[in-house]
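Residue numbers (the working numbering), protein chains in the order written: chain E, 102 to 364; chain D, 20 to 349. Cβ coordinates follow ideal geometry from the N, Cα and C atoms, glycine included. Structure first, commentary second.
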Amino acid sequence: MNSIICLKQVPDTEAQLKVKTDAIVTDGVKFIISPYDEYGIEEGLLQKEKAGEGEVTLVCMGPDRCVEAIRTGLAMGANKAFHLNDPVFEGSDALATAKALAEQIKTMDYNIIFCGKQAIDDDQAQVGVALAEYLGIPHASLVTKVEVSEDKKSVKVNRQIVGGEETLEIPLPCVLTAQKGLNEPRYASLPGIMKAKKKPLTPVKPADISLDEGAVGAAGSKSKAGNFTAPAPRTAAKIITGDSAEETAANLAKALREEAKAI
Amino acid sequence: MGKGIWVFAEQEEGTVRKVTFEILSNARSIADSKGEPLCAVCLGKDIAGLADKFAPYGADKVYLVDHEALGQYTTDAYAKALCDLITQEQPSTVLFGATVVGKDLSPKVAARADAGLASDCIEIKLDDGGNLCLKRPIYAGKAYAEVTFQNTDVMMASIRPNVLIASEPDASKTAEVVTISPEIGADDIRVKVLDVQKSAAGKVDLTEAEIIVTGGRGMKGPENYKILEDLADVIGATVGASRAAVDAGWRPVSDQVGQTGKVVSPNLYIACGVSGAIQHYAGMGTSKVIVAINKDEEAPIFTKCDYGVVDDVFKIVPPLTEELKKMMAD
């Protein structure tokens, strides 16, 4: 059961970011594997373990610092990785990223591809779905359960919908985007970390894959993000009090009804 | 460059999602400034009855895309129908609600149409150059970015529900209605829907709820959510949970509000025993009114709410429920 996992390195959720008009400054910030991508890595490992055979391959696009995140994924148990790393890719929006990943993946053998539902830095939630389209294969997003068929020709998945879940049957190969609840990602063990140092991590340049450079990077992307601002702080809270809990509760109810008109 | 600002009018079983009206209302002025028609594009099966739903919110034209295969949402069927229509009619802009369907469909349509796409936006406007500009949260709402487009024939965006305000519907307005019979073959749909499991009837999903009552670690255990459910019943709210409560196994993952849970934007959000970590705020920060009830005065939630009560949740919530019950009976 060969799976490909797309992973992105992002700032830790606790990271303090400096918001400048033309960029978000992430110098000195701690970086992690985007949490939803971790569900993807774990699922690839689980499916390989269930099948008793196969390889889990990571594909990551990003600058030099991503090597750390990729090694973490290898330490979790992935077999090898490809790292798309070149100035040409810089400034790619989500769709351009998906195009580049697709060109790399077209050179590989796989049964299934896992992506996170969204990266927690730009929160676009586009790459996984667009990747499937560029590869000409089906997809399902917000997946919470994966069951590969005996003959490895299809997969049954549960996915989140409004007010519940639905169960889909999808032919393989396909792309699945992972939602929280899919699994519990394992921690990299110490032996895993040691082994990861020797696993193949191959850098990929645009010339290695048949990628139209005009379709990626800041210049090739169809959307452009800028004019970054920090959110305006909420005006200070009104603290509701009372002589007793009952009175406080009554005062709150009154404020919500008469002042906020929220009830 | 095409003409036409389209709003994907999401509907399920004959009910149009409210976000459609929010987007139409706000795209109206954009359409006026750019001199392009504002069109509602509704996909489904036997949807003729929805023809007059969109003009009251500003639509000049309504496309009813009607086909057997569109009776239930699948990405393949919807993308086929919508992309074929985009190729045929050449709009300049396609807007979606950032709903489960919208966020699944829009990247596929954008990829197929080779368009630019901005997701989960909270504001639509024209910049100083008269170009479409979308404001959207990034880093779970720690910052905002403005997105513009380049080198693309079609611009696309999905808009977060419950943030833009729908105008008062004007029943006197009319729109041109065009019915489209798309070509969707069985081969076009690769995914089979085997089963749909919806939670208890009448329970509004968190992402659509007008009022949410969330319990956090301060609830101390699953059995104590009863007081929140009682409050929710009285005010017509949906009960959510913080990550701490979900990780503790007290509430299901589908109830989680936050960065790794659901992003909600209700009119009223009541956080009970929730500390208010930045990751939780990421999931509810665009709520209109936030109330926090927590006995810890240092809890970060108090810097992020509109009304705060520094007291024990168990002492405050039951009398609050009683008071609101009395008020609503008046």
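Pop quiz: residue i and residue j are said to be a contact at Cβ under 8 Å. What is the actual Cβ separation, rounded to whole angstroms?
{"i": "residue 318 (chain E)", "j": "residue 215 (chain E)", "result": "Not quite, the Cβ-Cβ distance comes to about 26 Å (not below 8 Å), so this is no contact."}
{"i": "residue 312 (chain E)", "j": "residue 184 (chain E)", "result": "Going by Cβ atoms, the distance from residue 312 (chain E) to residue 184 (chain E) rounds to 15 Å, so no, they are not a contact pair."}
{"i": "residue 245 (chain E)", "j": "residue 259 (chain E)", "result": "5 Å"}
{"i": "residue 237 (chain D)", "j": "residue 292 (chain D)", "result": "2 Å"}
{"i": "residue 139 (chain D)", "j": "residue 177 (chain D)", "result": "6 Å"}
{"i": "residue 57 (chain D)", "j": "residue 67 (chain D)", "result": "Contact flag wrong, Cβ pair sits at about 21 Å."}
{"i": "residue 339 (chain D)", "j": "residue 354 (chain E)", "result": "6 Å"}
{"i": "residue 98 (chain D)", "j": "residue 128 (chain D)", "result": "6 Å"}
Less than 8 Å between CB atoms is the rule here; does residue i satisfy it with respect to chain D?
{"i": "residue 269 (chain E)", "result": "yes"}
{"i": "residue 351 (chain E)", "result": "yes"}
{"i": "residue 332 (chain E)", "result": "yes"}
{"i": "residue 339 (chain E)", "result": "yes"}
{"i": "residue 120 (chain E)", "result": "yes"}
{"i": "residue 250 (chain E)", "result": "no"}
{"i": "residue 284 (chain E)", "result": "no"}
{"i": "residue 235 (chain E)", "result": "yes"}
{"i": "residue 59 (chain E)", "result": "Here chain E comprises residues numbered 102 to 364, so residue 59 (chain E) is not present and cannot be evaluated."}
{"i": "residue 191 (chain E)", "result": "no"}
{"i": "residue 166 (chain E)", "result": "no"}
{"i": "residue 205 (chain E)", "result": "no"}
{"i": "residue 154 (chain E)", "result": "no"}
{"i": "residue 347 (chain E)", "result": "yes"}
{"i": "residue 158 (chain E)", "result": "no"}
{"i": "residue 263 (chain E)", "result": "yes"}
{"i": "residue 266 (chain E)", "result": "yes"}
Answer yes or no: does any C-beta atom of chain E fall closer than 8 Å to that of residue i?
{"i": "residue 56 (chain D)", "result": "no"}
{"i": "residue 138 (chain D)", "result": "yes"}
{"i": "residue 342 (chain D)", "result": "yes"}
{"i": "residue 145 (chain D)", "result": "no"}
{"i": "residue 335 (chain D)", "result": "yes"}
{"i": "residue 193 (chain D)", "result": "no"}
{"i": "residue 157 (chain D)", "result": "yes"}
{"i": "residue 134 (chain D)", "result": "yes"}
{"i": "residue 96 (chain D)", "result": "no"}
{"i": "residue 324 (chain D)", "result": "yes"}
{"i": "residue 217 (chain D)", "result": "yes"}
{"i": "residue 163 (chain D)", "result": "yes"}
{"i": "residue 227 (chain D)", "result": "yes"}
{"i": "residue 114 (chain D)", "result": "no"}
{"i": "residue 123 (chain D)", "result": "yes"}
{"i": "residue 292 (chain D)", "result": "no"}
{"i": "residue 126 (chain D)", "result": "yes"}
{"i": "residue 236 (chain D)", "result": "no"}
{"i": "residue 15 (chain D)", "result": "Nothing in the structure corresponds to residue 15 (chain D), since chain D is present only between 20 and 349."}
{"i": "residue 99 (chain D)", "result": "no"}
Please classify residue i: is it buried, with 16 or more other beta-carbons within 10 angstroms of its beta-carbon, or exposed?
{"i": "residue 288 (chain E)", "result": "exposed"}
{"i": "residue 335 (chain E)", "result": "exposed"}
{"i": "residue 305 (chain D)", "result": "buried"}
{"i": "residue 270 (chain D)", "result": "buried"}
{"i": "residue 134 (chain E)", "result": "buried"}
{"i": "residue 44 (chain D)", "result": "buried"}
{"i": "residue 225 (chain E)", "result": "buried"}
{"i": "residue 162 (chain E)", "result": "buried"}
{"i": "residue 327 (chain E)", "result": "exposed"}
{"i": "residue 218 (chain D)", "result": "exposed"}
{"i": "residue 264 (chain E)", "result": "buried"}
{"i": "residue 106 (chain D)", "result": "exposed"}
{"i": "residue 166 (chain E)", "result": "exposed"}
{"i": "residue 280 (chain E)", "result": "buried"}
{"i": "residue 125 (chain D)", "result": "buried"}
{"i": "residue 184 (chain D)", "result": "exposed"}
State yes or no: is the C-beta of residue i nearer than 7 Å to some heavy atom of the ligand NAP?
{"i": "residue 228 (chain E)", "result": "Among the components modelled here there is no ligand, and therefore nothing to report on the ligand NAP."}
Does the beta carbon of residue i sit closer than 8 Å to a beta carbon anywhere in chain A?
{"i": "residue 272 (chain E)", "result": "Of the protein chains in the structure, E and D, none is chain A."}
Alpha helix (DSSP H) segments (min. 4 residues) lying fully within the region 188-234 of chain E: With a minimum length of 4 residues, the continuous alpha helix (DSSP H) runs that stay inside the region 188-234 of chain E are 195-206.
Beta strand (DSSP E) segments (min. 3 residues) lying fully within the region 221-269 of chain D: Qualifying beta strand (DSSP E) stretches, in chain order: 230-234, 257-260.
Three-pair Cβ contact test at 8 Å for the region 252-264 of chain D versus the region 190-201 of chain D: Cβ pair count under 8 Å is below three, so no.
At least 3 beta-carbon pairs within less than 8 Å: the region 172-192 of chain E vs the region 292-301 of chain E: Yes, the region 172-192 of chain E is in contact with the region 292-301 of chain E.
Three-pair Cβ contact test at 8 Å for the region 178-198 of chain D versus the region 232-239 of chain E: No, the region 178-198 of chain D is not in contact with the region 232-239 of chain E.
Runs of beta strand (DSSP E) lying entirely within the region 148-190 of chain D, each at least 3 residues, in chain order: Entirely contained in the region 148-190 of chain D, the beta strand (DSSP E) runs reaching 3 residues are, in chain order, 151-157, 162-168, 174-178.
Secondary structure, beta strand (DSSP E): runs of 3+ residues fully inside the region 29-103 of chain D: If you keep only unbroken beta strand (DSSP E) runs of at least 3 residues inside the region 29-103 of chain D, you get 57-63, 80-85.
contact_flag[the region 167-182 of chain D, the region 193-206 of chain E] where n(CB pairs < 8 Å) is 3 or more: Touching, no, given that fewer than three Cβ pairs across the two stretches are closer than 8 Å.
Contact between the region 344-351 of chain E and the region 321-334 of chain D (3+ Cβ pairs under 8 Å): They touch, by the three-pair rule.
Contact between the region 220-234 of chain D and the region 273-281 of chain D (3+ Cβ pairs under 8 Å): Pairwise C-beta distances place the region 220-234 of chain D in contact with the region 273-281 of chain D, as three or more of them are shorter than 8 Å.
Contact between the region 202-214 of chain D and the region 162-169 of chain D (3+ Cβ pairs under 8 Å): In this structure the region 202-214 of chain D does not touch the region 162-169 of chain D; the number of beta carbon pairs closer than 8 Å is below three.
Segments assigned alpha helix (DSSP H), at least 4 residues, entirely inside the region 141-187 of chain E: Taking only runs of at least 4 residues, the alpha helix (DSSP H) segments lying wholly in the region 141-187 of chain E are 167-177.
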